[in-house]
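Asks:
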Amino acid sequence: MSNVHIMTGNMAAALGAKLCQVQVVAAYPITPQTSVTETLSQYVESGELKAEYIRVESEHSALTVCVSASTVGARAFTSTSSQGLLYMHEQIHWAAGSRLPIVMCCVNRGVGAPWTIFNDQQDSISQRDTGWIQIYCRDNQEIIDSVIQGYRIAEAVYVPVMVCYDGFVMSHTMMPVDVPDAELVANYLPAYKPHTTLSPESPRNINPVLFPWRRANSEGVMCDGYMEMRFKLQKALDDSREVIKSTNRSFVETFGRDHGGMLWHYKTEDAELILTGMGSVANEATAAVDELREEGFKVGVIGIRVFRPFPRDEIRDAFKRAKALIVLEKAISYGNEGALCNELKGAFYGTDIRVPMHNYVVGLGGRDVKAREIAEAVRASVEAIAKGDTEPKPIWLNCFTETE
Amino acid sequence: MPENLFKVNIEEYMLPGQRACQGCGLSLAYRYVLKALRESTILTLPACCLTVLHGLYPTTSVAIPALNCTFASTAASASGLVAGLNALNKTDITVVAIAGDGGTYDIGIQALSGAVERGTDFIFVCYDNEAYMNTGTQRSSATPVGAVTTTTPVMTKQQPKKDMLRIMEAHDLPYLATTSPAYPIDLYDKFVKAKRIKGPRYVQIAVPCPPGWGYAPKDTVRLGRLAVETGVVVLFEIENGKFRFTGRSKTLAEKGHRTPVIHYVERQGRFKKMNLEQLGQFQRWVDTRWNEYLKKAEG
Amino acid sequence: MKKKDTNISAMATPAVGEAGRTGDWRDMKPVIDKSKCIPSLKKKSACFLCWLYCPEGVISTSIPVRIDYDYCKGCGICAEECPAKAITMVHEGEEIHE
């Protein structure tokens, strides 16, 4: 029974949070995420969503509110972009280390300096070491579905989930979205059972200082040092791979839509040349693939949906027949190369996958990335590879790079 | 004259063998803060001396539930606790944020102002030992003029103490009070009262610190009393905009004479480089504020 | 009894002596002279200012007043505040035993 409406990505995110019956929402404005919080305030103030809506005075406080609310057992949500995400950076680490199942939308926007209000993925990419699960959505349908899946995953493994989607390109673009039935969502999400105890009956001091070494408690039980506690976070991220995949399977069963779990494929069955990326740029690449296939290129797209935990095994399997890779990225790890490109190379270490890889830095600060431009880049790369240029420095697409 | 202390809750929530310094003013104050707040409380605290007093994993010295948070976020952490508890219909628990002067006047001021402005139903406690003590006595905006700290080692603090009480008063909150561990019953009573009031409440504790201020641990209570006798610390409460002196400050306002601040200053190593001009400045600062409070008490 | 730390985040449990036996920190210890101590003299609840002002909470409101020397840090506030001058700070090992 479909319930399709056209809506922006921000609307889809807010609707997703509402369907998940979030209990605490922290709100702070920042372009291009603001309408997520505005829509949620409409829901709360009109009574459609019963939640505590906290109009905090900064993003740092927004995530802090989610942390303490989640600690006492409330399902918490916030969303932000760019500078806001950066401002709450210490809290992002804190939330993961606290093992709290918060879901946060990051509406991808480039970071200053200098200022940009437009889309790229530097903001969320720069958070990849914090211990959050990161999902990159390709369209607005996936946004609403990933928020819902996000809570199921987060509350199963006690790791916070960042649902990322491209600012303006998706946040402000209307697309058809089949809105899941509220009751189905309510049944799909079990009640949140916090592992944290903050009750007068059983007082605990949560997240105090830990020693470098293990230390016995008053009953003689050997308790964790800092390293053990942090190892548990890493282990949870490792364990979350299976949970992410099984969540996707149960989502397919309940709602009939498959976003691919960790990765998705487009025309890869016989593909020799693979384009890869995250979010809307990977989606745009499918249009480039259609164009290139007309010309006889055996090309396909593998979209990386889950960037953290990094789907190493799935990547090794998906890319094993590729003869060349074009990695399209809306971010760069300055001083090195694109983060995705570098991590793909890391995944291939120890395997027989040794293919030419061209890393394209694209669309920073909202520069438009058209399918035909991707197709042009692919043709140029194919030629370059044929001439032996298998691993150039990152190529900045449609960017004036002459410095003299 | 010993006050009537038999009404005080005899339960000790701060367990012996904790990590605070010998003679710590915070330690003494905290005993009474916890006695007044009792079990139906959730505390939240940032990185500060209190974190150390609360103890290192896996043991804590405090038998009240507590959530540690980052330095800047104490009042926001409290906001989230209140929001979460409200969402879960657990409204019989008092949320108390407690931070040092650094975590209140400086890095914590943004979140504090926000939480109070939103009318958050919580108590914010600032224990003011007048410097970043946990990291070894660096200057904060709460440090008084003329004090040596590790970041004002030669020149001493140039600016007068930030008037945080006036800043909090400007938020028009239902309850604001000052307290001192040298007057534990006055402190206890104010926390008992604060617990019963709804909305944002701000209570400041003037905490002497032996290593940071440079005096012998045995003199903590004595020095705390002297602070009040000189008017450096004024014991008062402002309830719904109405100002009222309390305790020893009330007596001084009605009929006493304040001791000159030099008697307070000369007992502390941190003021050994204070020059005469700064001493004069300090005395004038104390006098001005005292006279303002006298006017407030009348009106 | 669980042998390992099953917490997935750090939650500490309350217990005495988190910092160890803090009585070891002292070089001077407070000794109460029962012949001067007001509650002991009056044989009823009175004064107890030492209990009031102890930052550690290791003094009891009992008769005679008792100090928990395992955790007393020897700050000397009790001796300073005692109105009857019944408490003296003495070096460890030098106190006169009755």
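Residue numbers (this note's numbering), protein chains in the order written: chain A, 38 to 441; chain B, 3 to 301; chain C, 2 to 99. We put the beta carbon where it would ideally sit given N, CA and C, even for glycine. Computed from a prediction, not measured in an experiment: that's the story for all the values here.
1. Can you tell which of A/L77, A/E366, A/L123, A/V93 has the C-alpha that lies nearest to the C-alpha of A/K87?
2. Counting contacts by CB-CB distance shorter than 9 angstroms, is A/G168 in contact with chain C?
3. Can you tell me whether DSSP reads C/D25 as helix, strand or coil?
4. If we require 3 or more residues per run, which beta strand (DSSP E) segments fall completely within the segment 209-256 of chain A?
5. Using the C-alpha atoms, what's the distance from C/I68 back to B/Q20?
6. Ignore the nearest five residues each way along the sequence and tell me which others in A/E179's own chain have a CB closer than 6 angstroms to its CB.
7. Quick one: is C/C55 near chain B, going by C-beta distance under 9 angstroms?
8. Can you pull the chain B residues whose beta carbon is under 8 angstroms from the beta carbon of C/D69, in chain order?
9. Can you name, in chain order, every residue of its own chain whose Cβ lies under 6 angstroms from the Cβ of B/M135, other than the five neighbours on each side?
10. With which residues is C/T89 paired in a DSSP beta bridge?
11. Shorter than 9 angstroms from the beta carbon of C/T14 to some beta carbon of chain B?
12. Within its chain, find whatever has a CB closer than 6 angstroms to the CB of B/E279; leave out the 5 residues flanking it on each side and keep chain order.
13. By how many angstroms is the C-alpha of B/D188 removed from the C-alpha of A/N194?
14. Using a Cβ-Cβ distance under 9 angstroms, would C/A87 count as near chain B?
15. Does the distance from the CB of B/I44 to the CB of B/T96 come in under 9 angstroms?
16. Pull the bridge partners of A/R92 from the DSSP assignment, please.
17. With a threshold of 16 other CB atoms inside 10 Å of the CB of C/E19, please say whether the residue is buried or exposed.
18. Distance check for B/E300 and A/V196, CA to CA, integer angstroms please.
19. Under 9 angstroms between C-beta atoms, does A/R241 make it to chain F?
20. The segment 174-201 of chain B: which residues have C-beta closer than 7 angstroms to a C-beta of chain C, in chain order?
21. Output, in sequence order along the chain, the residues in the segment 209-239 of chain A whose CB is closer than 7 angstroms to any CB in chain C.
22. Do you know how far the Cα of A/E265 is from the Cα of A/A50?
23. Among residues of its own chain, excluding the 5 on either side of A/R182, which ones have a beta-carbon nearer than 8 angstroms to its beta-carbon?
24. Rounded C-beta distance between A/E290 and B/A89? I'm assuming under 8 angstroms.
25. Is it buried or exposed, A/T108, if we count other Cβ atoms within 10 angstroms and call 16 or more buried?
26. For the segment 247-258 of chain A, enumerate the residues whose C-beta is nearer than 9 angstroms to any C-beta of chain C, in chain order.
27. Kindly list, in the order they appear in chain C, the residues whose Cβ is closer than 8 angstroms to that of B/S29.
28. Does any C-beta atom of chain B lie closer than 9 angstroms to the C-beta of A/N244?
29. Can you grab the Cα-Cα spacing for the pair B/Q24 / A/L235, in whole Å?
30. If we ignore side chains and look at the alpha-carbon of each, how far apart do A/A63 and A/N47 end up?
31. Comparing C-alpha positions only, which one of A/G383, A/S105, A/R409, A/C378 sits nearest to A/P431?
32. Tell me which residues share the same chain as B/S75 and place their Cβ nearer than 6 angstroms to its Cβ, disregarding the 5 neighbours each side in the sequence.
Replies: Quick answer:
1. A/L77
2. no
3. Here C/D25 sits in helix by DSSP.
4. 212-215
5. For B/Q20 and C/I68, the distance between alpha carbons rounds to 16 angstroms.
6. H296
7. yes
8. P18
9. C51, C211, G214
10. C/V32
11. The beta carbon of C/T14 sits closer than 9 angstroms to some beta carbon of chain B.
12. none
13. The residue you asked about is not Asn; residue 194 of chain A is Val in the sequence shown. The alpha-carbon atoms of A/V194 and B/D188 are separated by roughly 48 angstroms.
14. Among the residues facing chain B, C/A87 is not included, as its CB has no counterpart in that chain under 9 angstroms away.
15. yes
16. A/A64
17. buried
18. 57 angstroms
19. The chain inventory of the structure shown lacks chain F, comprising the protein chains A, B and C.
20. P186
21. Within the segment 209-239 of chain A, the qualifying residues are H232, T233, T234.
22. Using only the alpha carbons, I get a separation of about 35 angstroms.
23. It is worth fixing the name first, because residue 182 of chain A is Asp in this sequence and not Arg. These residues qualify, in order along the chain: G53, P217, F288, F292, R294, H296.
24. About 30 angstroms; that fails the 8 angstroms criterion.
25. Burial of A/T108 is indicated by the presence of at least 16 other C-beta atoms within 10 angstroms of its C-beta.
26. L247, R251, N254, S255, E256, G257, V258
27. P56, E57
28. Yes, A/N244 lies at the interface with chain B (some Cβ there is under 9 angstroms from its Cβ).
29. 30 angstroms
30. 15 angstroms
31. Ranking A/G383, A/S105, A/R409, A/C378 by CA distance to the CA of A/P431 puts A/C378 first.
32. A113
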